[in-house]
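Novice: Start counting the sequence shown at 1; every next residue gets the next number (our numbering).
By construction, the Cβ of each residue, glycine as well, lies at the ideal position given by its N, Cα and C atoms.
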Amino acid sequence: MSLVDLHTHTTASDGTDTPAQLMALAKEAGLVAVAVTDHDTVSGLDEAEAAGRELGVELVRGCELSCITDMGEAHILGLWLPHDIAPVQKKLRWLQQKRTERNVAIVDRLQALGLDISMDEVLRVARGESVGRPHIASVLLRKGYVRNSREVFQKYLGSGGRAYIPRTVLGAEEAVHLLASQGATVSLAHPLHWKISPDNLAKLVARLKDAGLSAIEAWYSEHSAADVRVCLELARRFDLGVSGGSDYHGSNKPAIALGVGYGSLRVHKSVLDDLRARRRAGA
Ligand code: AMP
Ligand code: FE
Ligand code: FE
Ligand code: ZN
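#1: With DSSP as the reference, identify every bridge partner of leucine 59, one or two as the case may be.
#2: Looking only at C-alpha atoms, which of Gln21, Leu3, Val267 sits nearest to glycine 250?
#3: So is arginine 99 buried or exposed if we call it buried at 16+ other beta carbons inside 10 Å?
#4: What did DSSP end up calling alanine 255 once you bin it into helix, strand or coil?
#5: Just to confirm, does histidine 223 get its C-beta within under 8 Å of one of the non-hydrogen atoms of ligand 4?
#6: Quick check on the burial criterion: 16 or more other C-beta atoms within 10 angstroms. Buried or exposed for tryptophan 219?
#7: Does the distance from the C-beta atom of arginine 279 to that of threonine 168 stay below 9 Å?
#8: If distances are taken between C-alpha atoms only, which option among Val228, Leu170, Lys253, Asp274 comes closest to leucine 265?
#9: At a cut-off of 8 Å, is proline 19 close to ligand 2 when judged by its beta-carbon and the heavy atoms of the ligand?
#10: Verify the contact flag: aspartate 239, CB atom, against every heavy atom of ligand 2, threshold strictly below 8 Å.
#11: How would you write the range of the beta strand (DSSP E) that serine 2 sits in, first residue to last?
#12: Quick one: residues in its chain with C-beta nearer than 8 Å to the C-beta of alanine 50, no 5 flanking neighbours on either side, listed in chain order?
#13: Tell me whether the beta-carbon of aspartate 40 lies closer than 9 Å to the beta-carbon of serine 130.
#14: Starting from cysteine 67, follow its DSSP beta bridges and name the residues at the other end.
#15: For leucine 188, which residues in the same chain have their Cβ closer than 7 Å to its Cβ, ignoring the five residues on either side in sequence?
#16: For alanine 225, count the other beta carbons within 10 Å of its own beta carbon; 16 or more makes it buried, fewer makes it exposed. Which is it?
#17: Taking DSSP as the reference, what is the three-state secondary structure of glycine 245?
#18: Listed in chain order, which residues are found with a beta carbon closer than 5 Å to a heavy atom of ligand 4?
Below is the structure:
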């Protein structure tokens, strides 16, 4: 049985394995293909691709964009990004600029709260292009201001936290259109994570499909069997493909393992083959 993982993070964003380490781990885990889908950056893809070529593990070039909809947050995965994606790169640079401004503002707030933390320390923790709250969290954790990452998000960095600042993000339709216009297969990540009502989720999917959405992430670490069924039904109803992945982040989400998530996730290679067949058919 050949397995794949189409949703993973590396040190290019908030994962803790370098792209090459992640591909080596995929090989060890017996995966035949992996999509690297770092938040707001494609800077880990070339390294992952080169390592994958050496190891005989297929790399699907991807990214994950956090977006806003009128029903709340949504995350959009781009899969099979072409090598040359100038319009996407331009948007990603803008998002990185906004991330930097926000990180500085969060650190300022933490300092105003009397915590000893600097942007330099945050940047030392972050090893890649896309820097964010997990890196700030790791500094606070190391300095003993909090006991664990749950507490740091609850107390300081999560919405409602004392140093919370919302992030500038793209509208979901804009993000879907941008990625689709460059030839990517665009999938709605972990659709059940946001607890939107079934009716609203269906409305959202319909709207995103009009913008170029081509798949739904049905197989996902945190999806229950019922969640998977909801996603498969939505895919059937809207004639969309189905993607699947663990959302592996290395030791930033230690309970989630590459390929298998919390242990029971299995994404069969047929998921990848079906998505590829849909691409060929222009769906
Ligand atoms: P950012 O992109 O800077 O807004 O940070 C978002 C990332 O922070 C997510 O992708 C998660 O990896 C992490 N994160 C967000 N909320 C939490 C939480 N409550 N506990 C642990 N990690 C979180
Ligand atoms: Fe993350
Ligand atoms: Fe996500
Ligand atoms: Zn993710």
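Specialist: Inspection of the coordinates gives the following:
#1: Mapped onto the sequence shown, residue 59 falls at position 59. Looking at the DSSP assignment, leucine 59 forms a beta bridge with Val34.
#2: Along the sequence shown, read from residue 1 onward, the residue named residue 250 stands at position 250. Residue Gln21 is the option with its Cα nearest to glycine 250.
#3: Within the sequence shown, residue 99 is the residue found at index 99, counting from 1. That one is buried.
#4: In the sequence shown, the residue the question calls residue 255 occupies position 255. Residue state, collapsed to three classes: coil.
#5: For the purposes of this step, residue 223 is taken as the residue at position 223 of the sequence shown. No, since every heavy atom of ligand 4 falls outside the 8 Å radius drawn around the Cβ of histidine 223.
#6: One-based indexing of the sequence shown puts residue 219 at position 219. Counting Cβ neighbours within 10 Å, tryptophan 219 comes out buried, since at least 16 surround it.
#7: In the sequence shown, the residue the question calls residue 279 occupies position 279. In the sequence shown, the residue the question calls residue 168 occupies position 168. Result no, Cβ atoms of arginine 279 and threonine 168 do not sit closer than 9 Å.
#8: For the purposes of this step, residue 265 is taken as the residue at position 265 of the sequence shown. The option with the nearest alpha carbon to leucine 265 is Val228.
#9: For this step, residue 19 is matched to residue 19 along the sequence shown. Proline 19: no, Cβ never under 8 Å from ligand 2.
#10: Along the sequence shown, read from residue 1 onward, the residue named residue 239 stands at position 239. No, since every heavy atom of ligand 2 falls outside the 8 Å radius drawn around the Cβ of aspartate 239.
#11: Within the sequence shown, numbered from 1, the residue matching residue 2 stands at position 2. Premise fails: serine 2 is in no beta strand (DSSP E) and is neither H nor E.
#12: The residue labelled residue 50 in the question sits at position 50 within the sequence shown. Taken in chain order, the residues that qualify are Ala20.
#13: Residue numbering aside, residue 40 sits at position 40 when the sequence shown is read from its first letter. Residue numbering aside, residue 130 sits at position 130 when the sequence shown is read from its first letter. Contact: yes.
#14: Residue numbering aside, residue 67 sits at position 67 when the sequence shown is read from its first letter. Bridge partners of cysteine 67: Ala74, Leu170.
#15: Here residue 188 refers to the residue found at position 188 when the sequence shown is read from its first residue. Here the set comprises Ala74, Ile76, Val205, Leu208, Leu213, Ile216, Glu217.
#16: As a working mapping, residue 225 is identified with position 225 in the sequence shown. Burial call: exposed.
#17: Start at 1 with the first residue of the sequence shown, and residue 245 comes out as number 245. Three-state DSSP puts glycine 245 in a strand.
#18: Glu64, Asp247
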